[in-house]
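Trainee: Numbering (the UniProt record's numbering), first residue to last: 1 to 68.
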């Protein structure tokens, strides 16, 4: 059985968890929006070009290279 405490000493901790979880969701939305806006240019400029040192460097530092 879950125990629910209404002790005011825990309220700042609960608020910090709420702020953190909202920040994580907001960050995910911003990164997803940015990725959606730039994906077409990435395909055209990186994936359809001949592989080179610059392409390899881009893929090594790009945060979404493992997702494709």
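Each residue gets a CB set at the ideal place from its N, CA and C atoms; glycine is no exception.
The structure displayed is predicted, hence computed values, not measured ones.
(1) Check residue 55 in the structure and name its three-state DSSP category.
(2) CA-CA distance, residue 10 and residue 17?
(3) Looking at the ligand ZN, does it come within less than 8 Å of residue 55, judged from the CB to the closest heavy atom?
(4) Taking residue 42 as part of the alpha helix (DSSP H), name the residues at either end of that continuous run.
Mentor: From the atom records:
(1) For residue 55, the secondary structure class from DSSP, reduced to helix, strand or coil, is helix.
(2) A straight line joining the alpha-carbon of residue 10 with that of residue 17 spans about 11 Å.
(3) Among the ligands in the structure shown, none appear at all, so the ligand ZN cannot be discussed.
(4) Element bounds for residue 42: 11-42.
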